[in-house]
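Down below is the structure, laid out as structure tokens.
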Ligand SMILES: Cc1cc2nc3c(=O)[nH]c(=O)nc-3n(C[C@H](O)[C@H](O)[C@H](O)COP(=O)(O)O)c2cc1C
């Protein structure tokens, strides 16, 4: 966020408000989650609230056991879905997720550039190194985080070179002379690297002169360095304000070390919002949503992330930093493991309390359970503390909670001068530059 600028806000298109028991509510419309109409409706509502972008996270594997109780990770392909939404919206940015671990960069470059054309410059790329799915791509095991980030850096470099390989202004389309393009300006990239060998050029021109926004998710040291080198924004999990302050300051410093302006990188944590008419109702909504929360799974998460086995501990026993053994060396996500270790060190919660915290139950996102006013105050507080440049809204619990975010919270932020009231332009990069 530039000095005096407004917050940047993204809206999740993963229907997080259907998680847990949310999909079982009579008005959930869960039958629509594999249809275009469902997402077009949310995208239109998000556009009416002037969000910077709608955002589809994605994975390329399916844990089937979880399907017994909810939709879990089953989802439409994000780029295909966003191409449909492009036709039904006019301003909102369209952030797709493409893993750098599994797909060839030529395909990613082509699909994203296609979305950029189809949406008139509104595409963005959420770069993930992914947490699982190797068996679907012929890999015996998941590459280590280091390897994944090395590959991600080369992958991103190749994609950007491919986008530049066929610049839009190479197109001439001169009927009189019969010259369609200045072919000399369309050049192979001749990339030869440790992971990829790509000749190029891309078989599609770039849409416009502006690079499409890159967002990165993952916040280990390797993740931060990678983000600081290329990303316009980081989608992060920051369950406490200080975690966000520290991460934002660190990312800005690393961006400067890469010769970029610190303002070039925006920290946009996920913000989980369980909103209702009163705090008590919101808490009820949260509890109902997690009524069947799987204790065994939460205990397994704690064990995987910290090495601590709490299965025989009484509910009211406090877990302190002194209880933590040496953490496992390779948790699936070091970011999430560190956030959980940090929570235990900071708050010394009982086992019962710990099991309900976002660091254990969910994606470790910043969370507000309360009224629109409570959410507004939390956002104002974190913004004033220099903790965030914006957030990605991940509403929880129910459709009405989701609607309160789009129809009440965002307009309230706009009225307070913290967020835009109208779009100044029609491109995603333009929204982020405001
Ligand atoms: C907030 C957040 C969101 C993520 N979203 C996705 C996603 O949608 N799909 C995916 O495959 N991986 C996702 N990841 C995983 C990251 O791409 C990365 O593989 C993982 O966090 C390990 O990197 P790290 O150690 O730097 O955190 C996400 C990670 C974070 C922190």
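Numbering (UniProt numbering), first residue to last: 1 to 434.
From the three backbone atoms N, C-alpha and C, an ideal C-beta is built for every residue, glycine too.
Quantities reported herein were computed from a predicted structural model and do not represent experimental measurements.
**Request:** Count the C-beta pairs between the region 381 to 401 and the region 267 to 284 that are closer than 8 Å, then say yes if the count reaches three, no if not.
**Result:** yes
**Prompt:** From residue 349 to residue 205, what does the alpha carbon distance come to, in whole angstroms?
**Reply:** 55 Å
**Message:** Closer than 8 Å to a non-hydrogen atom of ligand 1 - does that hold for the CB of residue 159?
**Reply:** no
**Message:** Let me check you understand the geometry: is the CB of residue 246 closer than 8 Å to at least one non-hydrogen atom of ligand 1?
**Reply:** no
**For residue 58, the nearest candidate out of 5, 98, 94 (CA to CA)** = 98
**Message:** Assess contact between the region 375 to 390 and the region 251 to 258, defined as three or more Cβ pairs (one per stretch) separated by less than 8 Å. Is contact present?
**Reply:** no
**heavy atom of ligand 1 below 8 Å from residue 39 C-beta** = no
**Prompt:** How far does the beta strand (DSSP E) with residue 236 in it reach, from first residue to last?
**Reply:** 233 to 236
**Message:** Determine whether the beta carbon atoms of residue 145 and residue 334 lie at a separation below 9 Å.
**Reply:** yes
**Asked** Helix, strand or coil: how does DSSP classify residue 369 here?
**Response** strand
**Request:** Check residue 262 in the structure and name its three-state DSSP category.
**Result:** helix
**Request:** Determine the closest residue to residue 305 out of 359, 320, 430, with distance taken between C-alpha atoms.
**Result:** 359
**Message:** Using 9 Å as the threshold, is the C-beta distance between residue 86 and residue 122 below it?
**Reply:** yes
**Request:** For the region 191 to 246, list the alpha helix (DSSP H) runs that are entirely contained and at least 4 residues long, ordered along the chain.
**Result:** 221 to 230
**Separation of residue 125 from residue 95, as counted between CA atoms** = 6 Å
**Asked** Contact check, residue 172 vs residue 182 under 8 Å by CB: the rounded distance?
**Response** 6 Å
**Asked** Just how far apart, CA to CA, sit residue 139 and residue 388?
**Response** 37 Å
**Given residue 119 as reference, the closest of 82, 135, 405 once Cα atoms are compared** = 82
**Request:** Would you decide whether residue 93 is buried or exposed? Buried here means 16 or more other CB atoms lie within 10 Å of its CB.
**Result:** buried
**Request:** Please report how far the alpha carbon of residue 46 lies from the alpha carbon of residue 426, in whole angstroms.
**Result:** 14 Å
**Request:** With distances taken Cα to Cα, identify the nearest neighbour of residue 257 among 282, 225, 231.
**Result:** 225
**Prompt:** For residue 375, which of 408, 355, 308 has the nearest alpha-carbon?
**Reply:** 408
**Item:** Helix, strand or coil at residue 179 [DSSP, three-state]
**Value:** strand
**Buried versus exposed call for residue 239 [16 or more other C-beta atoms within 10 Å across all chains shown]** = buried
**Prompt:** From this set, 13, 19, 246, 103, which residue's C-alpha is nearest residue 69's C-alpha?
**Reply:** 19
**Prompt:** So what does DSSP say about residue 32, is it helix, strand or coil?
**Reply:** helix
**Prompt:** Which parts of the region 357 to 420 are runs of the alpha helix (DSSP H), unbroken and 4 residues or longer, counting only runs that do not cross its ends?
**Reply:** 358 to 361, 372 to 384, 399 to 404, 410 to 415
**Item:** Buried/exposed call for residue 178, threshold 16 Cβ in 10 Å
**Value:** exposed
**Message:** Taking a contact to mean a Cβ-Cβ separation below 9 Å, would you say residue 40 touches residue 11 in this structure?
**Reply:** no
**Asked** Nearest-angstrom Cα distance between residue 243 and residue 219?
**Response** 11 Å
**Asked** Looking at residue 129 and residue 101, is the spacing between their C-beta atoms short of 9 Å?
**Response** yes
**Message:** Under 9 Å, Cβ to Cβ, is there at least one residue of chain D near residue 400?
**Reply:** The structure shown contains no chain D, having only a single protein chain.
**Request:** From the DSSP output, in three-state form, read off residue 136 for me.
**Result:** helix
**Request:** Give the single residue among 133, 152, 207 whose Cα lies nearest to the Cα of residue 110.
**Result:** 207
**Prompt:** On the three-state DSSP scale, how would you describe residue 77?
**Reply:** coil
**Message:** Using only CA atoms, which one of 54, 357, 309, 104 lies nearest to residue 336?
**Reply:** 357
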